[in-house]
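Residue numbers (the numbering used here), protein chains in the order written: chain L, 90 to 405; chain Y, 90 to 405; chain W, 90 to 405; chain U, 90 to 405.
Here it is as C-alpha cells:
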C-alpha cells in the first residue's frame, strides 16, 4: 500500500466517458480510461496487457470457467497462434469442449431458465445457457480411444498428453493443435477431473496408460526460472490461477504483470477471488508489479481486452 | 417459460468469437453475438435496446449505483439530449454528484485499497476508488441555498424540484439541465436520502420549502398509462428499478422491453437482483416482452450497449 | 488501518471449531469465535452487538431487502418491544408486507425455479421463493383507505404517517404497532416507492393528503445529535444504510458501533456494498468504532446474531 | 420443474421466526424452518443431511475453498471419525494446511484490510484474514521429505499418497490420519496444484516418486457403482464438486441427496456456481433427489448444519 500526499491523491480527475456511434473498441477503452469502478480497471488492464505483450514478457494465460463452451475458444487459439501466450494452464473441462469443437461438433445457445428434466429426456446436457447433446460424448469417446491408443506404455506427463492430443487434432482453430504446433505448453493439473479423465480410465481398463501426476512441475518451474518480466492473464480463478502462481513462487521469481478477469470476490476467503495484493504477501506477484482485477463477466471483458490490446500492438 | 422441441433447442450453434484489431464496438458485439453467458446476453441487450430506441418505445431509464461519480454522467446526458430517454428515475446521490460536476468541481480517481483514516485527515471522502474533496460540499451548500431560495412556499413535487434544479444549472453537460430543457421528467423518490435532502433540511430551518412526497405519482403513472410499447433500461436496482416497475404496474400496462445491467443476483431475495421473470409474475413485464439481464459491471456494459446501439440507430 | 508488529500480527491462533450435538446458538458462536472468514466476523458481530445493546448505545436499525416476506418480521418486532431498537429505518416494501401480515394474511413458501407465467395466471406474485396472492392487495387497499381517511389535511412527515399506520394496526406482532406503542420512530424515506405510495396516490385523487418529503430530517438529525455511543445494525444496504449514515454525519457525531449483514460486495462501487472503512473517510463511522461486515445471507446471520446477543444480555 | 395447482402453491405459509435467548442451534433451525431465502434453504439442508446421514446413504463430502485455514478442520475430522463421511474429495491446499496444523503449527487470525508488502517483509503469507508464517513451510518441507522417503518406487495413486500421508501423521485431530484409520478414501485430483506438489517435485529431483494421475478413477467409480442412496455435501465448488459428480455420472448411478454450501452463483456459467438442477440435465443428480443450495458463507452454514443434524441424529 502506497501512501500519497493529499495533492497526489487529487491529481487525476474522473473524465466522464463520451460514447459515440461507430467508435472502435480501442476508442471506447480510451473513453472509459478516466472512469472509475470496473471501467477504469478494464482500461488499466488494457494498458498493462499491451505493455506486457509488447515488451517481450513471458506470458502466462490461466483459463478457468467454461470459457470454451461460452465461445472464447477462438480468442485463445488466436492469441497462441500470434505468439501472445507462452504458457497455457487450463482445466480439463475446457480441453474436453475444445476437442468436441475440433471434431466439428457444436455447443448450442440455450436458456438458463429451463426445465432440466425435459433437457435430460432430450439427452441435452446444460452448462448455464449452453446446450450440449449428450450423444456427442460417444463420438468423443471414439476420438479419445483412437488418440490414446497411439501413446505407448512409457510414463508421460500431463503436458505431454496435451501435446499428444494437439498433434492428433485436425482443426486449424484448435487451441491444442495450435499450441502443439507453436511449442506452447498446455498444463492441465486436474486433467482427471474431466471427461478426458474418464476416457483415460476406460482406456486403462484394458491397456497401459501411465501419466505421472507430478512430472510437469519441473518443466513449468524451469520456464518460470527463465521467464523474462513474467506476466499473467487469469480468466477466472481455480486451479489455473493457483498453479501459475505457485510455480512462479517456487522459482523465486515474481510476476511483474498480473491481470485477473473474474466475478469472484475476496469475501469467501477462497483463492479464486483473492486479491492480487494478497498474492504480494506470498511473493507471487512482485511489490512493484503492475496489476489489476476487473470484477466483471470475463466473456465480455476478455474480448474487449484483446481487441484493444491488439489494436495498440498493431500500431507499435 | 417456453417449451421447445429438441430440434428447436439445438438450432443455434455457439459461434466462437473472432476478435481482431481495430474492430468497432458494434463489430465486437456482433462477434460475441453467438457466444453464451454474459457475452451473449450483452449482444441480446444491444438488439433489444436498438429495437426499443428505434421503434418509438416510451423509454424509461433507471439509474442507481454511484454511476455519476464513476464517469457515466455524459452518457446519460447525451441519451437525454438525443431523445433516447423519456423518463429518468434516479437516486439522490447521483443528482448530488451531477450538481457537483456541473459546478466545474471534479471527482478524482483514487484507490480502493487505501487508508481511510488518512483520507479522513486529508478531508477526502471515498466512493470505492473515487475521491471527493470534502470542502466541495461547502460550495455545494452555497449553490443549493441559492437555488432553493428561488422556490416559493407553494407545495411542489420532487420532480418539480428536480426541474427547478436543472433550470438553475449552467453546464451544457448537466443531466438535470438537459432534462429540464428537453422536458424529460427526472424522478428521485428518495431525494431526502442525499446531500440534497440535507441542504433542504438546513434551508427549511429558516424558510419554507414544501415538497410533497406523493405528488409525483400521478404524473409518472399518467406517463405509464400513455406509454407506447414501453421499455426500461435499468442500471443497478434499488429504488429506481422498483419505482419504474410499480408505476407501470399500477397503470395496468406492462413493459415490452426490459434490460438490466447489474451485478446483483437473485439469491438474496432482494428486488435489486430479482430476475425479470419474477417481474412477469407481477405483471410488471409482459409475458411476451423482450428482456435480458447482463450480470456484469455496468460501467463496462453501459458504454458498450450505448456505443453499439447508437451505431445501429445511425444506420437506420 | 492499524500497523502492528510481527508479534502482534501472530497473537491469535485460529481455533478449529468443535461442533457438538445439542449445543446452544451462543455455544456455536463461541465455537466459531476463533475461526476466520464469515465465521469469525459473525462472532465479532455478536460481541459488538452485545456491547452495543448492553451498554446503553442509541441503537439504529436499518432494514432493507425483503426481510419481512422472508420471515424476519418477528425478530425485528421483538427487538423493538424489548427496547433494543431506538430508531428504525426501512423500505416501503417491508412496511407493505408488515401490514399485510398484520391483517392476518400470509406470505407463502414457494419456489425460486418456477414458471412465472403460470404464477401470473394463478394471480400469485413472486419474491424469490416467496409467493403472495395478488388479491391480498385488494384487502390491503381497503385497509389503507380506512387508515388514510383518518389523517386530516395538515402536512405530516413520513415518520408521522408510519406512526399513524402503527396506531391503526391491531396485531400484537406488528413492527409498526409496537414501534408506535414504544415511541420508536420508523423512517421510510422512499415510502412512495411501495404499494403504500400507490395507495396514497389513489387516495389523493379524491381527498387531501399532505406528506412532506423533508419533514423527517430535523427529527432524525436531532436524535443523532443527542445519541449516546450510537450504534447501527444494517440489514442489507440501500436507502436505510445511507439515510442512517448521512443523518449521523450531518449531526457531527459518528457511529461507535456498526454491523453490516449483507451479501453486497464493494466491487460495484455502490453504497450498499461499501465497506465500513469507506464510511470512516466520510466521518460516518468513527476512527475507533468497533465495526464488522458479515458477507452472508442475512436471513441466516440475523437470527444467529440476535439469539446469541440475547443469550449474553440475559446473563448480564 | 414440477407444476402445482394454485392451491398446492399456497399451502405453506411463511412462519415468522421467533428467536429467544438460550435456544439451541436445532431450535434455531426449527425457528427458521418456515422462513424463505437462505434461512429456509438452510433448514431444508438440515432435513436433507439428517435423512442422508441417518438412512445409511453413501456419503460424499466435497471440500473446496480455504476451509482448513479458516477453522473448519475439526468439523470435517469429527464427521469422518463418527462415520458420517464415506468419501472425501478435497483440494491440495486444504491438505497442506491440514498437515501444517497436524504438526502443531498454527494459522493466525489476521486482517483482510492490511498492507501486504508489510506482511511480506514480516514473512507472513495471507489468506483473506488468515496469516501463516512463511517459515512454517520449511518445517513442512522436512515433514514431507520424511514421509515421501518411505514411499517406494512403485506407482501409486493420489489416494494412496493421501493414505500414506495420513498414516504418517501423529495428531488425533488430523483429517488425513482419521481418514486413514477409518479407511475413508481421500481424493485430491489436483494434488500437484499445492505445496504438496511442490514438495513432490523437489523430492523427485533426486529420488523416484511415481504417482499416476488416473489411477484413482477406477476406485472412486467402483465406490459410486456400489453406493447406496448416494448423497453429497459440497462445500464450495471447484474440482471436488466436479470430480464427485462426474464419478457418479460415469457409474450410471445418480445422487439422491445433494447439498451445496457456497457463495458462487450461476451467472458466471462456471461449474462452481451451477445449480443442482443443471446437474439433473446431466444425470449427476436424480430427478427425484432431495437437493438444496444455500448461498451463504460456508464457515457459518457448515457449523450450523452439522450442529443441527447431529442433534437430530442423536435423538434417532
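We put the CB at the ideal spot given by N, CA and C, even for glycine.
As the structure is a computational prediction, the values presented were derived from the model and not from experiment.
Which of helix, strand or coil DSSP assigns to residue i
{"i": "residue 354/L", "result": "coil"}
{"i": "residue 386/L", "result": "coil"}
{"i": "residue 158/W", "result": "helix"}
{"i": "residue 296/U", "result": "coil"}
{"i": "residue 336/Y", "result": "helix"}
{"i": "residue 281/L", "result": "coil"}
{"i": "residue 121/L", "result": "coil"}
{"i": "residue 102/L", "result": "strand"}
Beta-carbon proximity of residue i to residue j, cut-off 8 Å
{"i": "residue 264/L", "j": "residue 162/L", "result": "yes"}
{"i": "residue 133/W", "j": "residue 192/W", "result": "no"}
{"i": "residue 108/W", "j": "residue 125/W", "result": "no"}
{"i": "residue 379/W", "j": "residue 137/W", "result": "yes"}
{"i": "residue 446/Y", "j": "residue 320/Y", "result": "Since the first and last residues shown for chain Y are 90 and 405, residue 446/Y lies out of range."}
{"i": "residue 368/L", "j": "residue 217/U", "result": "no"}
{"i": "residue 405/L", "j": "residue 143/L", "result": "yes"}
Cβ-Cβ separation, residue j to residue i (assumed contact under 8 Å), whole Å
{"i": "residue 392/U", "j": "residue 164/U", "result": "6 Å"}
{"i": "residue 233/W", "j": "residue 288/W", "result": "4 Å"}
{"i": "residue 166/L", "j": "residue 329/L", "result": "Not quite, the Cβ-Cβ distance comes to about 17 Å (not below 8 Å), so this is no contact."}
{"i": "residue 390/U", "j": "residue 383/U", "result": "5 Å"}
{"i": "residue 276/Y", "j": "residue 189/Y", "result": "Going by Cβ atoms, the distance from residue 276/Y to residue 189/Y rounds to 20 Å, so no, they are not a contact pair."}
{"i": "residue 118/U", "j": "residue 159/U", "result": "Not confirmed; about 22 Å, so no contact."}
C-alpha distance - residue i paired with residue j, whole-angstrom precision
{"i": "residue 324/L", "j": "residue 357/U", "result": "11 Å"}
{"i": "residue 344/W", "j": "residue 146/W", "result": "10 Å"}
{"i": "residue 349/U", "j": "residue 150/U", "result": "10 Å"}
{"i": "residue 361/U", "j": "residue 183/L", "result": "14 Å"}
{"i": "residue 279/W", "j": "residue 279/Y", "result": "5 Å"}
{"i": "residue 259/U", "j": "residue 105/Y", "result": "53 Å"}
{"i": "residue 157/W", "j": "residue 359/Y", "result": "11 Å"}
{"i": "residue 385/U", "j": "residue 128/W", "result": "11 Å"}
{"i": "residue 240/Y", "j": "residue 274/W", "result": "30 Å"}
{"i": "residue 304/W", "j": "residue 256/Y", "result": "25 Å"}
{"i": "residue 387/Y", "j": "residue 123/L", "result": "15 Å"}
{"i": "residue 113/U", "j": "residue 111/W", "result": "6 Å"}
{"i": "residue 301/W", "j": "residue 250/W", "result": "10 Å"}
{"i": "residue 196/Y", "j": "residue 98/L", "result": "11 Å"}
{"i": "residue 100/L", "j": "residue 198/Y", "result": "8 Å"}
{"i": "residue 297/Y", "j": "residue 236/Y", "result": "13 Å"}
{"i": "residue 223/L", "j": "residue 208/L", "result": "10 Å"}
Contacts of residue i in chain U (Cβ-Cβ under 7 Å)
{"i": "residue 385/W", "result": "385, 386, 389"}
{"i": "residue 368/Y", "result": "Neighbours of residue 368/Y on chain U: none; closest Cβ ~17 Å, over 7 Å."}
{"i": "residue 381/L", "result": "Result: empty, since nearest Cβ-Cβ is about 15 Å, beyond 7 Å."}
Amino acids of chain U, ordered along the chain, whose beta-carbon sits closer than 8 Å to that of residue i
{"i": "residue 96/Y", "result": "What residue 96/Y touches in chain U: nothing, since even the nearest Cβ is about 17 Å away."}
{"i": "residue 120/W", "result": "392"}
Within chain B, partners of residue i - CB distance below 7 Å
{"i": "residue 300/W", "result": "This model lacks chain B altogether; the protein chains it does include are L, Y, W and U."}
Residue i: contacting residues in chain L (beta-carbon distance under 7 Å)
{"i": "residue 334/W", "result": "Going along chain L, no residue has its Cβ under 7 Å from residue 334/W, so there is no contact; the nearest lies around 20 Å."}
{"i": "residue 226/W", "result": "Per Cβ cutoff of 7 Å: no residues; residue 226/W is ~26 Å from chain L at best."}
Beta-carbon neighbours of residue i, restricted to chain Y and to distances below 9 Å
{"i": "residue 355/W", "result": "201, 217"}
heavy atom of the ligand ZN below 7 Å from residue i C-beta
{"i": "residue 114/Y", "result": "You won't find the ligand ZN in this model; it holds no ligand whatsoever."}
8 Å Cβ cut-off: residues of chain W touching residue i
{"i": "residue 104/U", "result": "160"}
Listed by chain order, chain Y residues near residue i by CB distance under 7 Å
{"i": "residue 278/W", "result": "279, 281, 282"}
Partners in chain Y for residue i, counting only beta-carbon separations shorter than 8 Å
{"i": "residue 372/U", "result": "Residues of chain Y passing the Cβ test: none, with the nearest at roughly 16 Å."}
{"i": "residue 409/L", "result": "Residue coverage of chain L in this structure runs from 90 to 405, which leaves residue 409/L outside it and unanswerable."}
{"i": "residue 207/L", "result": "92"}
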